[in-house]
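What follows is a short report on a single structure.
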Amino acid sequence: MKRIFLITFICLGIVCQAQNRIDNQGRRQGRWVKTDTDGSRIFEGEFKDGKEVGVFNYYYPDGKLKIRNTFTIPGRYCSHEAYDSQGRLLTRGFYDQKNRDSLWIFYNEEGRIVKQASYRMGIKQGLHIVFNAKGDTAEVSSWADNHRHGRWWKRIGTSGYITATYVNGAIEGRLVEYDDKGLIARDGNYRKGLKEGRNRLYENGVCCVDETWSQGFLNDRKIKLSCPDERWVSIFSIAYYMPKGSAGTAVYLNDGTRLQCSESPDLVGQRIDNSDFVIVDRKARLVANRASIEGIGKDADGRDILKLSPALPFSVFPDDECKKMIRSINRTDELD
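Residue 303 in my numbering sits at position 236 of the sequence shown, with consecutive numbering throughout.
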């Protein structure tokens, strides 16, 4: 029995000497197995003159395969596969001197491809494609030197999409968006990533918003209103709007003009789309441009009323939420 134990001990010693070997120049040689303090494998593979060769495997604490690197150029170039703790493939690609290189493919838990990306020595370079949960193409972009550069396409909704051209990471030139029906939804221009010139928004293929921009700053935003004839109105000329009539909207301009429009208040608000317009009477659904709000005053009976300019043909009695909002506006104006 003692002889068997001694032989086993000697054999184990020989095996240990055969792996994790360092030559007289301090270079790793032969088969290496690295373990943690519990004896679980961290990685195993072959070295030649200090460089990885062949297959290198890395493991989860429970022993399941985590990463497999297969070297075709010792210590430098390898194919790479990464797995989750359930053994499902997550990533497949190549490394060149520990930098992502060439084509990389990423998978979800069902094994579907969610992304394809091209690299050159760790830098995004070439075509990148993203897929949605159904496996359909969700986004396609070209990259150069870690920046989007070239044509860009992105799915919007089911079959709508948006497309533009990037130059050194910023949109340059025309950007166009189409809805699920194939109708144009947006058409604008950019310069160095900032809106520049004309930008138009569409509803069911019909232009309803017409903007002009300069270096990313909005110069004007005109919206189309049916009152009853078609009329284009700058949002900066609007003081208030509120529901009036059968699903219609009353729009009050800064000069006191009142327009009766067939569009709903929600649609008018959607076209205005400006944070300077706030609700001042929730019951009446009155929305005011903050520039038209002068503060809170008193009526003849001592009740709080909104001081508005231009004046409305009726009084607006603010609730606590409205008063709080107006105080916030006044403080912001003082800071400005």
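For each residue, glycine too, the CB sits at the ideal point set by N, CA and C. These numbers come from a predicted model, not from an experiment.
Sequence-distant residues of the same chain with beta carbon closer than 8 angstroms to residue i, five excluded per side
{"i": "residue 242", "result": "229, 230, 231, 253, 254, 255, 256, 257"}
{"i": "residue 80", "result": "In this prediction, residue 80 has a pLDDT of 45, which is less than 50 and means its spatial position is unreliable; nothing more can be read from the coordinates."}
{"i": "residue 119", "result": "112, 113, 136, 138, 141, 142, 145"}
{"i": "residue 389", "result": "346, 347, 348, 349, 373"}
{"i": "residue 86", "result": "97, 98, 99, 100"}
Simplified DSSP assignment, three categories, for residue i
{"i": "residue 306", "result": "strand"}
{"i": "residue 357", "result": "helix"}
{"i": "residue 337", "result": "helix"}
{"i": "residue 209", "result": "strand"}
{"i": "residue 386", "result": "coil"}
{"i": "residue 391", "result": "helix"}
{"i": "residue 89", "result": "strand"}
{"i": "residue 396", "result": "helix"}
Cβ-based neighbour list, residue i, same chain, cut-off 6 angstroms, excluding 5 preceding and 5 following
{"i": "residue 311", "result": "317"}
{"i": "residue 264", "result": "256"}
{"i": "residue 117", "result": "94, 95"}
{"i": "residue 147", "result": "136, 160, 162"}
{"i": "residue 88", "result": "96, 97"}
Option nearest residue i by Cα separation, candidates the options
{"i": "residue 206", "options": "200, 220, 216", "result": "220"}
{"i": "residue 135", "options": "118, 111, 116", "result": "111"}
{"i": "residue 104", "options": "116, 128, 92", "result": "128"}
{"i": "residue 292", "options": "279, 152, 315", "result": "315"}
{"i": "residue 130", "options": "108, 115, 216, 102", "result": "108"}
{"i": "residue 391", "options": "362, 122, 126, 379", "result": "362"}
{"i": "residue 177", "options": "200, 161, 194", "result": "200"}
{"i": "residue 235", "options": "354, 215, 181", "result": "215"}
{"i": "residue 181", "options": "88, 190, 203, 194", "result": "203"}
{"i": "residue 357", "options": "330, 394, 370", "result": "394"}
{"i": "residue 153", "options": "133, 165, 335", "result": "133"}
{"i": "residue 355", "options": "247, 340, 365", "result": "340"}
{"i": "residue 368", "options": "377, 223, 384", "result": "384"}
{"i": "residue 325", "options": "249, 343, 380, 266", "result": "380"}
{"i": "residue 330", "options": "377, 245, 298, 281", "result": "298"}
{"i": "residue 387", "options": "334, 370, 225, 376", "result": "370"}
Own chain, CB closer than 7 angstroms to residue i, minus 5 neighbours either side, in chain order
{"i": "residue 72", "result": "Residue placement at residue 72 cannot be trusted, given a pLDDT of 43 that sits under 50; the coordinates are not used to answer."}
{"i": "residue 332", "result": "308, 309, 310, 316, 352"}
{"i": "residue 68", "result": "In this prediction, residue 68 has a pLDDT of 47, which is less than 50 and means its spatial position is unreliable; what the coordinates show is noted afterwards. For residue 68, where only same-chain residues beyond five positions count, there are no Cβ hits under 7 angstroms."}
{"i": "residue 163", "result": "143, 144, 188"}
{"i": "residue 76", "result": "Caution applies to residue 76, whose pLDDT of 41 falls short of 50 and renders its modelled position unreliable; the model cannot decide the point."}
Under 8 angstroms between C-beta atoms of residue i and residue j
{"i": "residue 305", "j": "residue 320", "result": "yes"}
{"i": "residue 168", "j": "residue 186", "result": "yes"}
{"i": "residue 372", "j": "residue 359", "result": "no"}
{"i": "residue 269", "j": "residue 251", "result": "yes"}
{"i": "residue 273", "j": "residue 338", "result": "no"}
{"i": "residue 287", "j": "residue 303", "result": "yes"}
{"i": "residue 227", "j": "residue 247", "result": "yes"}
Heavy atom of the ligand PLP within 7 angstroms of residue i beta-carbon
{"i": "residue 371", "result": "The ligand PLP is absent from the structure shown, which contains no ligands of any kind."}
Nearest-angstrom beta carbon gap, residue j and residue i [assumed within contact, 8 angstroms]
{"i": "residue 172", "j": "residue 155", "result": "Actually they do not touch by this definition, with Cβ atoms about 14 angstroms apart."}
{"i": "residue 262", "j": "residue 239", "result": "Residue 262 to residue 239, Cβ: 12 angstroms. No contact."}
{"i": "residue 211", "j": "residue 192", "result": "6 angstroms"}
{"i": "residue 213", "j": "residue 190", "result": "5 angstroms"}
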